[in-house]
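Reminder that position 59 of the sequence shown reads as 62 in my numbering, one-by-one numbering, no gaps. Please read the structure below before turning to the comments.
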Amino acid sequence: MNKVVFWDFDGTLSYRSTVFGSSLIMAMDEYKENHQMTEESFIPLLRGKFPWHETDKSYVHLRETESWWA
């Protein structure tokens, strides 16, 4: 399995009306023909999955690269 990171702070690298969702769809278009994903279908898959979604937790254990990807 290949791992990919999409990283952009809104408006720093691109300007789009639906910044993140449309970028994911463009990546899926390149990865797989005739996929059924929509911008909305990514929302539940990404909700609460990133460390910055829970800012009250400590993430010092993620200082090393290997830990981040585990």
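Where a beta carbon is used, it is the ideal one built from N, C-alpha and C, also for glycine. Given the structure is predicted, the values throughout are model-derived calculations rather than measurements.
Start and end residues, alpha helix (DSSP H) containing residue i
{"i": "Thr68", "result": "Thr68 to Trp72"}
Helix, strand or coil at residue i [DSSP, three-state]
{"i": "Val8", "result": "coil"}
{"i": "Phe53", "result": "coil"}
{"i": "Tyr34", "result": "helix"}
{"i": "Ser25", "result": "helix"}
{"i": "Ser61", "result": "coil"}
Exercise for the section: Decide yes or no for the touch test of the stretch 25-40 against the stretch 59-67: beta carbon pairs closer than 8 Å, at least 3 of them. Expected result: No, they do not touch.
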